[in-house]
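Contents: one structure, followed by commentary.
Residue numbers (the working numbering): 3 to 497.
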(Lines of atoms letter the chains of each structure in order from A; the text may use other names.)
(Lines give C-alpha, C1' and ligand atoms only; values in the text may rest on other atoms or scores of the structure.)
Protein backbone atom coordinates (compact mmCIF):
# COMPACT_ATOMS: atom_id res chain seq x y z
CA UNK A 3 0.00 0.00 0.00
CA UNK A 4 1.51 3.36 -1.11
CA UNK A 5 1.59 6.59 0.90
CA UNK A 6 -1.38 7.99 -1.09
CA UNK A 7 -3.48 4.89 -0.34
CA UNK A 8 -2.68 5.15 3.38
CA UNK A 9 -3.63 8.87 3.36
CA UNK A 10 -6.95 8.11 1.61
CA UNK A 11 -7.71 5.33 4.08
CA UNK A 12 -7.08 7.65 7.04
CA UNK A 13 -8.69 10.82 5.71
CA UNK A 14 -10.84 9.73 2.72
CA UNK A 15 -10.72 11.12 -0.83
CA UNK A 16 -11.07 14.87 -1.49
CA UNK A 17 -14.71 14.29 -2.50
CA UNK A 18 -15.45 12.38 0.71
CA UNK A 19 -13.84 15.13 2.80
CA UNK A 20 -15.95 17.79 1.04
CA UNK A 21 -19.14 15.78 1.65
CA UNK A 22 -18.20 15.38 5.34
CA UNK A 23 -17.96 19.18 5.66
CA UNK A 24 -21.62 19.44 4.57
CA UNK A 25 -22.94 16.75 6.93
CA UNK A 26 -23.23 19.13 9.97
CA UNK A 27 -25.46 21.40 7.80
CA UNK A 28 -27.64 18.38 6.93
CA UNK A 29 -27.91 17.54 10.65
CA UNK A 30 -29.08 21.11 11.38
CA UNK A 31 -31.72 20.88 8.61
CA UNK A 32 -32.98 17.56 10.00
CA UNK A 33 -33.09 18.99 13.53
CA UNK A 34 -35.41 21.76 12.27
CA UNK A 35 -37.88 19.31 10.70
CA UNK A 36 -40.17 18.91 13.78
CA UNK A 37 -40.52 22.70 14.00
CA UNK A 38 -41.47 22.96 10.32
CA UNK A 39 -43.98 20.12 10.66
CA UNK A 40 -45.86 22.12 13.31
CA UNK A 41 -46.41 25.09 10.97
CA UNK A 42 -49.88 25.68 9.55
CA UNK A 43 -50.14 25.90 5.75
CA UNK A 44 -50.73 29.66 5.90
CA UNK A 45 -47.53 30.15 7.97
CA UNK A 46 -45.19 29.19 5.11
CA UNK A 47 -45.62 32.46 3.18
CA UNK A 48 -45.04 34.58 6.29
CA UNK A 49 -41.89 32.53 7.04
CA UNK A 50 -40.53 33.23 3.53
CA UNK A 51 -41.35 36.94 3.90
CA UNK A 52 -39.50 36.99 7.23
CA UNK A 53 -36.41 35.45 5.61
CA UNK A 54 -36.63 38.02 2.79
CA UNK A 55 -36.60 40.84 5.34
CA UNK A 56 -33.59 39.32 7.07
CA UNK A 57 -31.71 39.17 3.75
CA UNK A 58 -32.55 42.85 3.13
CA UNK A 59 -31.12 43.67 6.57
CA UNK A 60 -27.84 41.99 5.63
CA UNK A 61 -28.14 38.42 6.91
CA UNK A 62 -26.27 36.03 4.60
CA UNK A 63 -27.91 33.22 2.65
CA UNK A 64 -25.40 30.78 4.16
CA UNK A 65 -26.74 31.56 7.63
CA UNK A 66 -30.34 31.06 6.49
CA UNK A 67 -29.65 27.89 4.49
CA UNK A 68 -30.63 25.27 7.14
CA UNK A 69 -33.93 27.00 7.96
CA UNK A 70 -34.88 27.67 4.33
CA UNK A 71 -33.97 24.14 3.18
CA UNK A 72 -36.02 22.67 6.07
CA UNK A 73 -38.97 24.89 5.11
CA UNK A 74 -38.74 23.92 1.41
CA UNK A 75 -38.57 20.23 2.31
CA UNK A 76 -41.74 20.46 4.40
CA UNK A 77 -43.47 22.47 1.64
CA UNK A 78 -42.53 19.72 -0.82
CA UNK A 79 -43.96 17.01 1.45
CA UNK A 80 -47.27 18.88 1.73
CA UNK A 81 -47.63 19.75 -1.97
CA UNK A 82 -45.99 16.88 -3.89
CA UNK A 83 -45.67 14.12 -1.28
CA UNK A 84 -41.90 14.04 -1.88
CA UNK A 85 -39.43 14.54 0.99
CA UNK A 86 -35.83 15.48 0.16
CA UNK A 87 -33.38 12.74 1.20
CA UNK A 88 -30.16 13.63 3.02
CA UNK A 89 -28.13 13.17 -0.19
CA UNK A 90 -30.49 15.64 -1.91
CA UNK A 91 -29.85 18.16 0.87
CA UNK A 92 -26.12 17.70 0.20
CA UNK A 93 -26.75 18.26 -3.53
CA UNK A 94 -28.76 21.43 -2.82
CA UNK A 95 -25.98 22.80 -0.60
CA UNK A 96 -23.37 22.12 -3.30
CA UNK A 97 -25.50 23.97 -5.88
CA UNK A 98 -25.90 26.96 -3.54
CA UNK A 99 -22.10 27.05 -3.13
CA UNK A 100 -21.73 27.62 -6.88
CA UNK A 101 -20.45 24.16 -7.75
CA UNK A 102 -21.50 21.31 -10.02
CA UNK A 103 -23.37 18.45 -8.36
CA UNK A 104 -22.87 15.14 -10.13
CA UNK A 105 -25.94 13.06 -9.31
CA UNK A 106 -26.73 9.75 -10.94
CA UNK A 107 -29.85 9.25 -13.09
CA UNK A 108 -33.00 8.90 -11.00
CA UNK A 109 -31.56 10.60 -7.90
CA UNK A 110 -34.04 13.48 -8.18
CA UNK A 111 -32.11 16.45 -9.59
CA UNK A 112 -35.38 18.27 -10.36
CA UNK A 113 -36.38 18.20 -6.68
CA UNK A 114 -32.84 19.03 -5.49
CA UNK A 115 -32.85 22.29 -7.49
CA UNK A 116 -35.85 23.64 -5.55
CA UNK A 117 -33.67 24.10 -2.43
CA UNK A 118 -31.03 26.55 -3.78
CA UNK A 119 -33.56 28.19 -6.14
CA UNK A 120 -35.81 29.23 -3.23
CA UNK A 121 -32.84 30.27 -1.06
CA UNK A 122 -31.27 32.47 -3.76
CA UNK A 123 -34.67 33.87 -4.82
CA UNK A 124 -34.82 35.57 -1.40
CA UNK A 125 -32.43 38.24 -2.72
CA UNK A 126 -35.21 39.39 -5.07
CA UNK A 127 -33.06 39.48 -8.22
CA UNK A 128 -34.55 36.45 -9.98
CA UNK A 129 -32.98 33.00 -10.39
CA UNK A 130 -32.87 30.79 -13.48
CA UNK A 131 -33.09 27.04 -13.98
CA UNK A 132 -31.61 26.26 -17.39
CA UNK A 133 -32.39 22.97 -19.13
CA UNK A 134 -31.91 21.47 -22.59
CA UNK A 135 -35.39 21.59 -24.15
CA UNK A 136 -38.84 23.19 -23.89
CA UNK A 137 -40.46 19.91 -22.87
CA UNK A 138 -38.28 19.59 -19.73
CA UNK A 139 -38.56 23.30 -18.90
CA UNK A 140 -42.38 23.18 -19.00
CA UNK A 141 -42.59 19.82 -17.22
CA UNK A 142 -40.27 20.80 -14.36
CA UNK A 143 -41.72 24.30 -13.90
CA UNK A 144 -45.25 22.90 -13.76
CA UNK A 145 -44.23 20.12 -11.38
CA UNK A 146 -42.17 22.22 -8.95
CA UNK A 147 -44.33 25.37 -9.06
CA UNK A 148 -46.65 23.67 -6.52
CA UNK A 149 -43.85 24.05 -3.97
CA UNK A 150 -43.06 27.64 -4.98
CA UNK A 151 -46.70 28.78 -4.90
CA UNK A 152 -47.14 27.22 -1.45
CA UNK A 153 -44.22 29.41 -0.31
CA UNK A 154 -45.66 32.53 -1.95
CA UNK A 155 -43.03 32.60 -4.70
CA UNK A 156 -43.79 33.12 -8.39
CA UNK A 157 -42.51 30.73 -11.07
CA UNK A 158 -42.25 31.46 -14.80
CA UNK A 159 -41.19 29.44 -17.83
CA UNK A 160 -39.66 30.79 -21.05
CA UNK A 161 -40.67 28.88 -24.18
CA UNK A 162 -40.27 29.50 -27.89
CA UNK A 163 -43.77 30.84 -28.60
CA UNK A 164 -43.83 33.68 -26.01
CA UNK A 165 -44.00 37.32 -27.13
CA UNK A 166 -41.90 40.14 -25.59
CA UNK A 167 -44.48 41.11 -22.96
CA UNK A 168 -44.94 37.49 -21.84
CA UNK A 169 -41.17 37.04 -21.64
CA UNK A 170 -40.80 40.15 -19.49
CA UNK A 171 -43.55 38.86 -17.20
CA UNK A 172 -41.94 35.41 -16.83
CA UNK A 173 -38.46 36.85 -16.22
CA UNK A 174 -40.03 39.05 -13.55
CA UNK A 175 -40.92 35.95 -11.51
CA UNK A 176 -38.88 34.88 -8.49
CA UNK A 177 -37.85 31.67 -10.28
CA UNK A 178 -37.72 31.21 -14.07
CA UNK A 179 -37.28 27.96 -16.00
CA UNK A 180 -36.19 27.85 -19.65
CA UNK A 181 -33.73 26.46 -22.19
CA UNK A 182 -30.17 27.57 -22.84
CA UNK A 183 -31.24 28.69 -26.33
CA UNK A 184 -34.11 30.88 -25.08
CA UNK A 185 -32.05 32.51 -22.31
CA UNK A 186 -29.17 33.20 -24.72
CA UNK A 187 -31.32 34.60 -27.52
CA UNK A 188 -33.25 36.82 -25.08
CA UNK A 189 -29.93 38.28 -23.93
CA UNK A 190 -29.01 39.07 -27.56
CA UNK A 191 -32.44 40.55 -28.32
CA UNK A 192 -32.28 42.73 -25.21
CA UNK A 193 -28.91 44.11 -26.28
CA UNK A 194 -30.41 45.20 -29.59
CA UNK A 195 -33.09 47.31 -27.83
CA UNK A 196 -32.66 51.04 -27.20
CA UNK A 197 -35.04 51.29 -24.23
CA UNK A 198 -34.05 49.56 -20.95
CA UNK A 199 -37.74 49.33 -19.99
CA UNK A 200 -38.28 46.96 -22.91
CA UNK A 201 -35.60 44.49 -21.76
CA UNK A 202 -37.03 41.02 -21.07
CA UNK A 203 -34.28 39.82 -18.75
CA UNK A 204 -33.24 41.25 -15.42
CA UNK A 205 -29.64 41.01 -14.15
CA UNK A 206 -28.04 37.61 -14.67
CA UNK A 207 -27.93 36.88 -10.95
CA UNK A 208 -27.88 33.10 -10.36
CA UNK A 209 -28.42 30.11 -12.63
CA UNK A 210 -28.53 26.37 -12.13
CA UNK A 211 -27.70 24.61 -15.40
CA UNK A 212 -29.31 21.18 -15.70
CA UNK A 213 -27.38 18.67 -17.85
CA UNK A 214 -24.45 21.04 -17.38
CA UNK A 215 -21.93 18.94 -19.34
CA UNK A 216 -24.12 19.07 -22.45
CA UNK A 217 -24.66 22.85 -22.27
CA UNK A 218 -21.33 24.14 -20.91
CA UNK A 219 -18.95 21.62 -22.53
CA UNK A 220 -20.53 19.94 -25.60
CA UNK A 221 -22.28 23.11 -26.82
CA UNK A 222 -19.89 25.64 -25.25
CA UNK A 223 -18.72 27.21 -28.50
CA UNK A 224 -22.02 26.90 -30.34
CA UNK A 225 -22.77 30.45 -31.51
CA UNK A 226 -26.20 31.94 -30.96
CA UNK A 227 -26.84 34.21 -33.93
CA UNK A 228 -29.56 36.79 -34.59
CA UNK A 229 -29.66 37.81 -38.22
CA UNK A 230 -31.57 40.11 -40.52
CA UNK A 231 -32.38 39.94 -44.25
CA UNK A 232 -29.46 40.41 -46.62
CA UNK A 233 -29.18 40.63 -50.40
CA UNK A 234 -31.16 38.25 -52.61
CA UNK A 235 -29.20 35.91 -54.94
CA UNK A 236 -31.49 32.89 -55.27
CA UNK A 237 -30.69 32.21 -58.94
CA UNK A 238 -27.07 31.44 -58.10
CA UNK A 239 -28.17 28.78 -55.58
CA UNK A 240 -30.14 26.96 -58.29
CA UNK A 241 -27.24 27.30 -60.75
CA UNK A 242 -24.71 25.86 -58.29
CA UNK A 243 -27.10 23.12 -57.15
CA UNK A 244 -27.58 21.73 -60.68
CA UNK A 245 -23.89 20.96 -61.25
CA UNK A 246 -23.02 19.20 -57.95
CA UNK A 247 -24.65 15.80 -58.82
CA UNK A 248 -22.33 15.66 -61.86
CA UNK A 249 -19.22 15.67 -59.64
CA UNK A 250 -17.61 12.50 -58.24
CA UNK A 251 -16.25 12.14 -54.70
CA UNK A 252 -12.49 11.52 -54.72
CA UNK A 253 -12.05 12.61 -58.34
CA UNK A 254 -13.62 16.08 -58.21
CA UNK A 255 -13.62 16.82 -54.47
CA UNK A 256 -12.44 15.49 -51.11
CA UNK A 257 -14.35 15.66 -47.83
CA UNK A 258 -13.39 15.71 -44.16
CA UNK A 259 -16.48 14.68 -42.14
CA UNK A 260 -14.85 15.51 -38.80
CA UNK A 261 -14.07 19.15 -39.60
CA UNK A 262 -17.11 19.45 -41.91
CA UNK A 263 -15.08 20.65 -44.89
CA UNK A 264 -15.16 19.80 -48.59
CA UNK A 265 -12.46 20.89 -51.06
CA UNK A 266 -12.62 20.68 -54.88
CA UNK A 267 -9.62 18.98 -56.52
CA UNK A 268 -7.85 20.50 -59.55
CA UNK A 269 -9.91 18.17 -61.76
CA UNK A 270 -13.01 19.29 -59.90
CA UNK A 271 -12.28 22.99 -60.46
CA UNK A 272 -11.80 22.34 -64.20
CA UNK A 273 -15.07 20.37 -64.33
CA UNK A 274 -16.98 23.13 -62.48
CA UNK A 275 -15.55 25.80 -64.80
CA UNK A 276 -16.65 23.73 -67.81
CA UNK A 277 -20.17 23.18 -66.42
CA UNK A 278 -20.62 26.85 -65.51
CA UNK A 279 -18.92 28.11 -68.66
CA UNK A 280 -16.40 30.34 -66.82
CA UNK A 281 -12.69 30.59 -67.61
CA UNK A 282 -11.40 31.06 -64.04
CA UNK A 283 -13.56 30.19 -61.01
CA UNK A 284 -11.11 32.00 -58.71
CA UNK A 285 -11.21 35.27 -60.66
CA UNK A 286 -12.34 38.17 -58.36
CA UNK A 287 -15.42 38.74 -60.53
CA UNK A 288 -16.54 35.14 -59.82
CA UNK A 289 -16.09 35.33 -56.03
CA UNK A 290 -19.87 35.22 -55.39
CA UNK A 291 -20.30 32.26 -57.74
CA UNK A 292 -17.42 30.42 -56.00
CA UNK A 293 -19.11 30.99 -52.62
CA UNK A 294 -22.38 29.47 -53.91
CA UNK A 295 -20.56 26.47 -55.41
CA UNK A 296 -18.76 25.81 -52.12
CA UNK A 297 -22.01 25.99 -50.13
CA UNK A 298 -23.80 23.73 -52.63
CA UNK A 299 -20.94 21.23 -52.31
CA UNK A 300 -21.27 21.30 -48.50
CA UNK A 301 -25.06 20.91 -48.71
CA UNK A 302 -24.80 17.84 -50.95
CA UNK A 303 -21.82 16.08 -49.37
CA UNK A 304 -21.77 16.96 -45.65
CA UNK A 305 -25.39 17.62 -44.65
CA UNK A 306 -27.65 14.57 -44.66
CA UNK A 307 -31.45 14.56 -44.59
CA UNK A 308 -32.96 13.04 -41.39
CA UNK A 309 -29.55 13.31 -39.71
CA UNK A 310 -28.58 16.99 -39.87
CA UNK A 311 -31.96 18.31 -40.95
CA UNK A 312 -35.49 17.25 -41.86
CA UNK A 313 -38.04 18.62 -44.32
CA UNK A 314 -41.53 19.34 -42.99
CA UNK A 315 -44.22 21.28 -44.84
CA UNK A 316 -41.76 22.57 -47.44
CA UNK A 317 -39.39 23.90 -44.75
CA UNK A 318 -35.84 22.71 -44.06
CA UNK A 319 -35.54 22.35 -40.27
CA UNK A 320 -32.18 21.91 -38.54
CA UNK A 321 -31.92 18.94 -36.16
CA UNK A 322 -29.96 19.83 -33.02
CA UNK A 323 -27.09 17.33 -32.86
CA UNK A 324 -27.11 17.40 -29.04
CA UNK A 325 -30.85 17.15 -28.32
CA UNK A 326 -32.18 15.46 -31.48
CA UNK A 327 -34.90 18.11 -31.76
CA UNK A 328 -35.98 20.11 -34.81
CA UNK A 329 -35.04 23.77 -34.35
CA UNK A 330 -38.01 25.62 -35.80
CA UNK A 331 -37.11 29.08 -37.11
CA UNK A 332 -33.34 28.52 -36.83
CA UNK A 333 -31.24 28.73 -39.99
CA UNK A 334 -27.64 28.03 -40.97
CA UNK A 335 -25.74 31.15 -41.94
CA UNK A 336 -23.60 32.26 -44.90
CA UNK A 337 -25.94 30.77 -47.51
CA UNK A 338 -25.70 27.15 -46.34
CA UNK A 339 -29.40 26.95 -45.46
CA UNK A 340 -30.34 28.29 -48.89
CA UNK A 341 -28.04 25.71 -50.52
CA UNK A 342 -29.81 22.91 -48.62
CA UNK A 343 -33.19 24.37 -49.67
CA UNK A 344 -32.05 24.29 -53.32
CA UNK A 345 -30.88 20.69 -52.89
CA UNK A 346 -34.27 19.67 -51.42
CA UNK A 347 -36.20 21.59 -54.13
CA UNK A 348 -38.17 23.69 -51.62
CA UNK A 349 -38.68 27.46 -51.60
CA UNK A 350 -35.41 29.33 -51.01
CA UNK A 351 -35.79 31.94 -48.28
CA UNK A 352 -33.72 35.14 -48.39
CA UNK A 353 -30.14 35.18 -47.09
CA UNK A 354 -29.46 36.71 -43.69
CA UNK A 355 -26.73 38.92 -42.24
CA UNK A 356 -25.50 38.51 -38.65
CA UNK A 357 -26.75 41.29 -36.35
CA UNK A 358 -25.74 39.87 -32.95
CA UNK A 359 -23.95 36.76 -31.71
CA UNK A 360 -22.65 35.15 -28.51
CA UNK A 361 -21.47 31.64 -27.56
CA UNK A 362 -22.99 29.68 -24.67
CA UNK A 363 -19.60 29.77 -22.98
CA UNK A 364 -19.49 33.57 -22.98
CA UNK A 365 -23.18 33.93 -22.06
CA UNK A 366 -23.03 31.76 -18.94
CA UNK A 367 -19.87 33.48 -17.75
CA UNK A 368 -21.99 36.63 -17.36
CA UNK A 369 -23.91 35.22 -14.37
CA UNK A 370 -22.87 36.47 -10.92
CA UNK A 371 -23.18 32.91 -9.61
CA UNK A 372 -23.40 29.70 -11.62
CA UNK A 373 -23.90 26.07 -10.65
CA UNK A 374 -24.91 22.90 -12.44
CA UNK A 375 -26.28 19.37 -12.24
CA UNK A 376 -25.65 16.29 -14.33
CA UNK A 377 -25.20 12.54 -14.09
CA UNK A 378 -21.78 12.73 -15.77
CA UNK A 379 -19.44 15.61 -14.89
CA UNK A 380 -16.41 14.13 -13.12
CA UNK A 381 -14.70 13.23 -16.41
CA UNK A 382 -14.79 16.91 -17.45
CA UNK A 383 -13.91 18.29 -14.00
CA UNK A 384 -10.62 19.84 -15.19
CA UNK A 385 -12.34 21.64 -18.09
CA UNK A 386 -15.15 22.95 -15.86
CA UNK A 387 -12.58 24.39 -13.47
CA UNK A 388 -10.36 25.87 -16.18
CA UNK A 389 -13.14 27.46 -18.25
CA UNK A 390 -15.78 28.39 -15.66
CA UNK A 391 -13.94 28.13 -12.29
CA UNK A 392 -16.55 25.51 -11.30
CA UNK A 393 -15.66 22.59 -9.02
CA UNK A 394 -17.39 19.22 -9.41
CA UNK A 395 -18.76 17.38 -6.37
CA UNK A 396 -19.90 13.76 -6.69
CA UNK A 397 -23.05 13.31 -4.57
CA UNK A 398 -23.52 9.83 -3.04
CA UNK A 399 -26.58 7.86 -4.20
CA UNK A 400 -29.47 7.43 -1.76
CA UNK A 401 -29.38 3.65 -2.24
CA UNK A 402 -26.73 1.38 -3.82
CA UNK A 403 -27.02 1.30 -7.64
CA UNK A 404 -28.94 -1.83 -8.71
CA UNK A 405 -28.37 -1.34 -12.47
CA UNK A 406 -25.92 -3.70 -14.18
CA UNK A 407 -23.64 -2.25 -16.87
CA UNK A 408 -22.35 -4.73 -19.47
CA UNK A 409 -19.40 -4.55 -21.84
CA UNK A 410 -19.91 -3.15 -25.35
CA UNK A 411 -20.64 -5.64 -28.14
CA UNK A 412 -19.05 -4.91 -31.53
CA UNK A 413 -20.37 -6.30 -34.83
CA UNK A 414 -18.71 -6.54 -38.24
CA UNK A 415 -21.55 -4.79 -40.08
CA UNK A 416 -24.37 -2.41 -39.24
CA UNK A 417 -26.92 -4.95 -40.51
CA UNK A 418 -25.68 -7.63 -38.08
CA UNK A 419 -25.82 -5.10 -35.27
CA UNK A 420 -29.42 -4.10 -36.03
CA UNK A 421 -30.48 -7.76 -36.35
CA UNK A 422 -29.00 -8.45 -32.89
CA UNK A 423 -30.82 -5.40 -31.50
CA UNK A 424 -34.15 -6.61 -32.92
CA UNK A 425 -33.56 -10.10 -31.47
CA UNK A 426 -32.77 -8.61 -28.01
CA UNK A 427 -35.93 -6.47 -28.19
CA UNK A 428 -38.01 -9.51 -29.15
CA UNK A 429 -36.70 -11.53 -26.17
CA UNK A 430 -37.26 -8.67 -23.71
CA UNK A 431 -40.75 -7.93 -25.06
CA UNK A 432 -41.82 -11.58 -24.79
CA UNK A 433 -40.52 -11.62 -21.19
CA UNK A 434 -42.62 -8.53 -20.41
CA UNK A 435 -39.57 -6.26 -19.99
CA UNK A 436 -39.72 -2.69 -21.36
CA UNK A 437 -36.98 -1.79 -23.89
CA UNK A 438 -35.50 1.57 -24.82
CA UNK A 439 -33.25 1.74 -27.88
CA UNK A 440 -31.16 4.88 -28.37
CA UNK A 441 -30.22 5.87 -31.93
CA UNK A 442 -28.03 8.70 -33.19
CA UNK A 443 -30.36 10.02 -35.89
CA UNK A 444 -33.89 9.99 -37.34
CA UNK A 445 -32.54 7.87 -40.21
CA UNK A 446 -31.31 5.09 -37.86
CA UNK A 447 -34.52 5.17 -35.81
CA UNK A 448 -36.55 4.73 -39.02
CA UNK A 449 -34.41 1.72 -40.09
CA UNK A 450 -35.11 0.01 -36.75
CA UNK A 451 -38.78 0.98 -37.03
CA UNK A 452 -39.05 -0.85 -40.38
CA UNK A 453 -37.22 -3.94 -39.08
CA UNK A 454 -39.46 -4.16 -36.00
CA UNK A 455 -42.59 -3.64 -38.13
CA UNK A 456 -41.56 -6.58 -40.35
CA UNK A 457 -41.27 -8.73 -37.21
CA UNK A 458 -44.72 -7.43 -36.11
CA UNK A 459 -43.28 -6.11 -32.82
CA UNK A 460 -45.37 -3.24 -31.45
CA UNK A 461 -43.27 -0.17 -30.68
CA UNK A 462 -43.20 3.63 -30.46
CA UNK A 463 -40.75 5.93 -32.25
CA UNK A 464 -39.64 9.16 -30.59
CA UNK A 465 -37.69 11.49 -32.89
CA UNK A 466 -38.01 15.02 -34.25
CA UNK A 467 -40.72 13.86 -36.68
CA UNK A 468 -42.93 12.55 -33.86
CA UNK A 469 -42.21 15.16 -31.17
CA UNK A 470 -45.89 16.16 -30.79
CA UNK A 471 -46.56 12.88 -28.97
CA UNK A 472 -43.44 13.09 -26.78
CA UNK A 473 -45.14 13.21 -23.37
CA UNK A 474 -47.46 10.31 -24.31
CA UNK A 475 -44.59 8.15 -25.65
CA UNK A 476 -42.33 8.83 -22.64
CA UNK A 477 -45.19 8.10 -20.23
CA UNK A 478 -45.76 4.58 -21.60
CA UNK A 479 -42.06 3.68 -22.12
CA UNK A 480 -41.71 1.93 -18.76
CA UNK A 481 -44.78 -0.28 -19.08
CA UNK A 482 -44.44 -4.08 -19.26
CA UNK A 483 -43.19 -5.18 -22.69
CA UNK A 484 -43.18 -1.62 -24.10
CA UNK A 485 -40.66 -0.95 -26.88
CA UNK A 486 -39.47 2.61 -27.53
CA UNK A 487 -37.05 3.66 -30.27
CA UNK A 488 -35.63 7.12 -29.56
CA UNK A 489 -33.04 9.54 -30.83
CA UNK A 490 -31.13 11.66 -28.29
CA UNK A 491 -34.38 13.65 -27.86
CA UNK A 492 -34.99 11.37 -24.88
CA UNK A 493 -31.35 11.34 -23.81
CA UNK A 494 -31.45 14.17 -21.27
CA UNK A 495 -33.65 14.60 -18.22
CA UNK A 496 -35.83 11.60 -19.03
CA UNK A 497 -35.82 8.57 -16.73
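From the three backbone atoms N, C-alpha and C, an ideal C-beta is built for every residue, glycine too.
Original post:
Would the beta-carbon of residue 146 fall within 9 Å of that of residue 113?
Top reply: yes
Original post:
So who's on the other strand from residue 262, going by DSSP bridges?
Top reply: DSSP lists no partner for residue 262.
Original post:
Is the number of C-beta pairs between the region 297 to 315 and the region 336 to 347 that are closer than 8 Å three or more?
Top reply: yes
Subject >> Selected residue, minimal CA-CA separation from residue 373, among 156, 269, 41, 115 >> reply: 115
**OP:** Reducing DSSP to helix, strand and coil, say where residue 270 ends up.
**Re:** helix
**OP:** To the nearest angstrom, report how far apart residue 324 and residue 213 are at their CA atoms.
**Re:** 11 Å
**OP:** Could you check how far apart the C-beta atoms of residue 158 and residue 173 are, in whole angstroms? I think they sit under 8 Å.
**Re:** 7 Å
**OP:** Output yes or no for whether 9 Å exceeds the beta carbon distance between residue 63 and residue 125.
**Re:** yes
Original post:
So which of 439, 91, 130, 339 has the shortest CA-CA distance to residue 236?
Top reply: 339
**OP:** State the start and end residues of the unbroken alpha helix (DSSP H) segment that holds residue 53.
**Re:** 45 to 58
Original post:
Just the Cα atoms here: how many angstroms apart are residue 255 and residue 446?
Top reply: 27 Å
Original post:
Do residue 204 and residue 127 come within 9 Å of each other at the CB atom, strictly closer than that value?
Top reply: yes
Original post:
Where does residue 158 sit, in a helix, a strand or coil, going by DSSP?
Top reply: strand
Original post:
Does the distance from the C-beta atom of residue 464 to that of residue 484 stay below 9 Å?
Top reply: no
**OP:** Rounded to whole angstroms, what's the CA-CA distance from residue 290 to residue 187? Just pull it up for me.
**Re:** 30 Å
**OP:** Leaving aside the five residues before and after residue 66 along the sequence, list all residues of the same chain whose C-beta is less than 8 Å from its C-beta, in chain order.
**Re:** 53, 56, 57, 121, 124
Subject >> Assumed close pair residue 426, residue 413 - CB separation to whole angstroms, cut-off 8 Å >> reply: About 12 Å; that fails the 8 Å criterion.
Original post:
With 16 as the cutoff for other CB atoms within 10 Å, does residue 443 come out buried or exposed?
Top reply: buried
Original post:
Just how far apart, CA to CA, sit residue 216 and residue 386?
Top reply: 12 Å
Original post:
Within the present structure, is the beta-carbon of residue 331 separated from the nearest heavy atom of the ligand GTP by less than 8 Å?
Top reply: Annotation note on the ligand GTP: not contained in the displayed structure, which lists no ligands.
Original post:
Among residues of its own chain, excluding the 5 on either side of residue 361, which ones have a beta-carbon nearer than 8 Å to its beta-carbon?
Top reply: 222, 223, 224, 225, 226
Original post:
What first and last residue would you give for the alpha helix (DSSP H) that runs through residue 186?
Top reply: 182 to 192
Original post:
Anyone know if the C-beta pair for residue 142 and residue 133 falls short of 9 Å?
Top reply: yes
Subject >> Own chain partners of residue 106 with C-beta closer than 6 Å, once the 5 adjacent residues on each side are dropped >> reply: 377, 399
Original post:
Rounded to whole angstroms, how far is the Cβ of residue 428 from the Cβ of residue 459, which I believe are closer than 8 Å?
Top reply: 6 Å
**OP:** Using only alpha-carbon positions, find the residue among 435, 486, 17, 189 that is nearest to residue 451.
**Re:** 486
Original post:
Of the choices 194, 298, 175, whose alpha-carbon is the least far from that of residue 130?
Top reply: 175
**OP:** Could you tell me which uninterrupted alpha helix (DSSP H) segments, each at least 4 residues in length, are contained entirely in the region 87 to 149, listed from first to last along the chain?
**Re:** 88 to 98, 111 to 123
Subject >> Exposure label - residue 375; buried when at least 16 CB within 10 Å >> reply: buried
Original post:
Excluding the five sequence neighbours on either side, which residues of its own chain have a C-beta within less than 7 Å of the C-beta of residue 7, listed in chain order?
Top reply: Low confidence applies here, because residue 7 scores a pLDDT of 49, under 50, leaving its location unreliable; read the following figure in that light. Correct list: empty, nothing qualifies.
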